[in-house]
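>
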Amino acid sequence: MKVLYAHHPEDVKHYTTEKLRNEFLMENVFVEDQVTLTYSHVDRIIFGGIMPAQQKLALDAGRELAAAYFLERREAGVINIGGDGKVTLDGEEYEVKHKEGIYIGRGTKSVVFESNDPDKPAKFYLNSCPAHKSYPTVKIDLQKAIARPLGDEAAMNKRTIYQFIHPDVLETCQLSMGMTVLETGSGWNTMPCHTHERRMEVYLYFDMAEDTRVFHFMGQPQETRHLVVSNEQAVLSPSWSIHSGIGTRNYTFIWGMCGENQDFDDMDQVKMEDLR
1 MKVLYAHHPE DVKHYTTEKL RNEFLMENVF VEDQVTLTYS HVDRIIFGGI
51 MPAQQKLALD AGRELAAAYF LERREAGVIN IGGDGKVTLD GEEYEVKHKE
101 GIYIGRGTKS VVFESNDPDK PAKFYLNSCP AHKSYPTVKI DLQKAIARPL
151 GDEAAMNKRT IYQFIHPDVL ETCQLSMGMT VLETGSGWNT MPCHTHERRM
201 EVYLYFDMAE DTRVFHFMGQ PQETRHLVVS NEQAVLSPSW SIHSGIGTRN
251 YTFIWGMCGE NQDFDDMDQV KMEDLR
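Going by the UniProt record's numbering, the sequence shown runs without a break in its numbering and finishes at 276.
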């Protein structure tokens with residue numbers, strides 16, 4: 001498990017492109033028959049991919065958590081962006097198909113992932129954060145998620161936000177998670193942009209053609225930076241940073257948040273004239 005420490009915005013101003021990518025971009029999220037995770041000291045989030053093909057994969061605590069099992073003091077959300085698969089929780093099996101998700105509450109001891117077809121492996125994307133209470137496991141599909149159409153063609157940001165793990169769908173300690181689908185001809189997400197000092201965010205970009213790229217903008221509003229992101233790569237966004245992107249074509253991304261609150265609309269909006 002890769003460990004990332006917190007970053008002061010004044011320090012980030014001096015990062016090279018390579019340093020910026022090393023500290024904020026997870027390039028290889030899905031590796032066949034591996035659990036590939038990043039542990040960030042930003043709100044103690046863990047994010048990454050589980051891609052079972054020829055074998056089942058278990059979620060283990062590892063030395064980084066100093067816990068008896070991964071979810072001893074944590075909760076987790078999982079969304080599958082690959083082939084159909086299964087998640088088995090303490091012996092109970094859940095079918096998690098393409099673009100379906102599952103919330104897993106604190107105290108679940110055994111978490112095992114597998115694919116229905118090894119030739120079309122599942123790609124389970126995971127976000128996990130500390131939890132103070134146990135809430136029930138809930139399976140979420142697109143019908144159960146809250147759909148919020150936003151944007152328009154003129155602004156090149158026509159999209160639908162699907163709120164999978166959200167207070168209006170289910171109870172969690174602090175984790176929120178969902179998926180945003182941009183329509184053909186749209187490329188902008190979250191513009192005009194914002195920050196939210198009370199929680200961090202992490203993005204996974206996917207459903208991108210091989211030659212498609214997203215230019216993910218980050219940094220403080222008055223001194224922005226950018227990362228060039230390929231398909232199935234994830235970006236860490238601290239609370240002080242904007243998190244907005246423009247794609248060479250349309251794409252989909254999963255967003256996950258944890259921190260002080262779960263108010264989706266608690267945003268500090270940035271005026272276009274204030275961006276630098």
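Glycine included, each C-beta is placed from N, C-alpha and C at the ideal position.
Can you give, in chain order, each stretch of the alpha helix (DSSP H) that sits fully within the stretch 39 to 98 and has at least 4 residues?
Listed in chain order, the complete alpha helix (DSSP H) runs (minimum 4 residues) inside the stretch 39 to 98 are 62 to 65.
> Give every residue of the same chain whose Cβ lies closer than 7 angstroms to the Cβ of SER40, excluding the five residues on either side of it in the sequence, and list them in chain order.
Start at 1 with the first residue of the sequence shown, and residue 40 comes out as number 40. If we look at SER40 and ignore the five residues flanking it on each side, its Cβ neighbours are LEU4, LEU236.
> Sorted by chain position, which residues of the same chain lie with C-beta nearer than 7 angstroms to ALA209's C-beta, five sequence neighbours on each side aside?
Within the sequence shown, numbered from 1, the residue matching residue 209 stands at position 209. Result list for ALA209: ARG249, in chain order.
> Rounded to whole angstroms, what's the CA-CA distance from ARG63 to ILE45? Just pull it up for me.
Here residue 63 is taken as the residue at index 63 of the sequence shown, counted from 1. Here residue 45 is taken as the residue at index 45 of the sequence shown, counted from 1. If you take the alpha carbons of ARG63 and ILE45, they lie about 16 angstroms apart.
> What's the C-alpha gap between MET26 and TYR203?
One-based indexing of the sequence shown puts residue 26 at position 26. One-based indexing of the sequence shown puts residue 203 at position 203. Answer to the nearest angstrom: the Cα atoms are 10 angstroms apart.
> Determine the extent of the beta strand (DSSP E) in which HIS18 is found, giving its start and end residues.
Position 18 of the sequence shown, counted from the first residue, corresponds to residue 18. With the sequence shown as reference, residue 18 is identified as Glu, and His is not the correct amino acid for it. Segment 17 to 24 is the alpha helix (DSSP H) holding GLU18; no beta strand (DSSP E) there.
> Does DSSP classify ASP263 as helix, strand or coil?
Here the question's residue 263 lines up with position 263 in the sequence shown. Correct three-state label for ASP263: coil.
> For the beta strand (DSSP E) containing VAL111, name the first residue and the last one.
To locate residue 111, count along the sequence shown from 1; it is residue 111. Counting along the chain, the beta strand (DSSP E) containing VAL111 begins and ends at 111 to 115.
> By the 10 Å Cβ neighbour count, where 16 or more other Cβ atoms means buried, how is ARG276 classified, buried or exposed?
For this step, residue 276 is matched to residue 276 along the sequence shown. Answer is exposed; the Cβ neighbour count stays below 16.
> Compute the distance between the beta-carbons of TYR103 and LEU170, then report whether it is under 9 angstroms.
Your numbering for residue 103 matches position 103 in the sequence shown. Your numbering for residue 170 matches position 170 in the sequence shown. Yes, Cβ-Cβ distance for TYR103 and LEU170 is below 9 angstroms.
> When you compare each of THR180, TYR135, LEU59, MET257 to ARG198 by their alpha carbons, which one comes out closest?
Here residue 198 corresponds to residue number 198 of the sequence shown, with the count starting at 1. The option with the nearest alpha carbon to ARG198 is MET257.
> Who pairs with VAL235 in a beta bridge, going by DSSP?
Taking the first residue of the sequence shown as position 1, residue 235 is located at position 235. Looking at the DSSP assignment, VAL235 forms a beta bridge with LEU25, TYR203.
> Looking at C-beta atoms only, is the number of pairs between the stretch 187 to 197 and the stretch 260 to 272 that lie closer than 8 angstroms three or more?
Contact between the stretch 187 to 197 and the stretch 260 to 272 is present, because at least three Cβ pairs lie under 8 angstroms.
> Are the CB atoms of PRO121 and PRO167 within a distance shorter than 9 angstroms?
What you label residue 167 is simply residue 167 of the sequence shown in a count that begins at 1. What you label residue 121 is simply residue 121 of the sequence shown in a count that begins at 1. Taking 9 angstroms as the Cβ cut-off, PRO167 and PRO121 do not qualify as a contacting pair.
> Leaving out five residues before and five after ALA6 in sequence, what residues of the same chain have Cβ atoms less than 6 angstroms from its Cβ?
Counting from 1 along the sequence shown, the entry for residue 6 is found at position 6. Same-chain partners within the cutoff: HIS41, VAL42.
> Out of ARG21, ALA61, LYS86, point me to the one whose CA is closest to GLU114's CA.
Start at 1 with the first residue of the sequence shown, and residue 114 comes out as number 114. Selected option, being the one with the closest Cα: LYS86.
> DSSP on ASP211, reduced to helix/strand/coil?
Taking the sequence shown and counting its residues from 1, one reaches residue 211 at position 211. In the structure shown, ASP211 sits in coil (DSSP, three-state: anything other than H, G, I, E or B).
> Below 8 angstroms CB to CB, which residues in the same chain sit around ASN157 once its five sequence neighbours on both sides are set aside?
Position 157 of the sequence shown, counted from the start, is the residue given in the question as residue 157. If we look at ASN157 and ignore the five residues flanking it on each side, its Cβ neighbours are LEU150, GLY151, LEU182, SER186, GLY187, TRP188, ASN189, MET191.
> Among GLN163, GLU201, TYR125, which one has its Cα closest to the Cα of VAL96?
Indexing the sequence shown from 1 puts residue 96 at position 96. Among GLN163, GLU201, TYR125, the Cα nearest to that of VAL96 is on TYR125.
> Sort out for me which residues DSSP pairs GLN220 with in a bridge.
Residue numbering aside, residue 220 sits at position 220 when the sequence shown is read from its first letter. DSSP output for GLN220 lists GLU223 as bridge partner(s).
> Please go through the same chain and pick out, in chain order, the residues whose beta-carbon is closer than 6 angstroms to the beta-carbon of CYS173, but skip the five residues on each side of it.
For the purposes of this step, residue 173 is taken as residue 173 along the sequence shown, with counting starting at 1. GLU75, ALA131, HIS132, LYS133, listed in sequence order.
> Please name the residue in MET1, LYS2, PRO9 whose C-alpha comes closest to that of GLU223.
As a working mapping, residue 223 is identified with position 223 in the sequence shown. Measuring from the Cα of GLU223, the nearest candidate turns out to be PRO9.
> Counting C-beta neighbours from all protein chains within 10 Å, is the total for THR184 16 or more, i.e. buried, or is it exposed?
As a working mapping, residue 184 is identified with position 184 in the sequence shown. Answer is exposed; the Cβ neighbour count stays below 16.
> Grab the span of the alpha helix (DSSP H) containing PRO121 for me, first residue to last.
The residue you call residue 121 lines up with position 121 of the sequence shown. First-last for PRO121: undefined, no H or E at that position.
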